[in-house]
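Okay, so the sequence shown: first residue is 17 according to the working numbering, each after it adds one.
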Amino acid sequence: MYLVEHYRPGLSSERLAAAAADVRAAAAALAAEGRPIAYVRSTIVPGDESYLSLFEAGSEDDVRAAYARAGVPYERISAAIAAEPDQKETR
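Written out as C-alpha cells, the structure is:
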C-alpha cells in the first residue's frame, strides 16, 4: 500500500477532487494494461488545500507511473500499512 501526499495551495476542493479523479483514471488505465495498481481512496483536506491518496500497488514505481500519466504533481509517496479496526470494537 502507498500513501501519496499533495499540497496545492490556491486550489479549491473541486480542483483537488478533479486531480484525484485524473490519477484514479490513470491508475485504472495502467491496471488494464497489466500493471499491479489499484486506487483505494483519496481524502481531501480543504483547510490545508491538500489531499492524500491511497493505492494498492506492486511498487512505488507503479504509483509514480500513474501520476506521470495523469500529469498530477505530488510531494511524497510513502509505503503505508493499513490499520483496520477490530471487528469487535464498537463506537
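A virtual CB, placed ideally from N, CA and C, is assigned to each residue, including glycine.
- From the listed residues G50, L70 and L27, the smallest Cα separation to A99 is found for L70.
- In the DSSP assignment, I60 forms a beta bridge with Y67.
- For E76, the secondary structure class from DSSP, reduced to helix, strand or coil, is helix.
- In this chain, the beta strand (DSSP E) harbouring R92 covers R92 to A95.
- The alpha-carbon of R92 is positioned some 5 Å away from that of E21.
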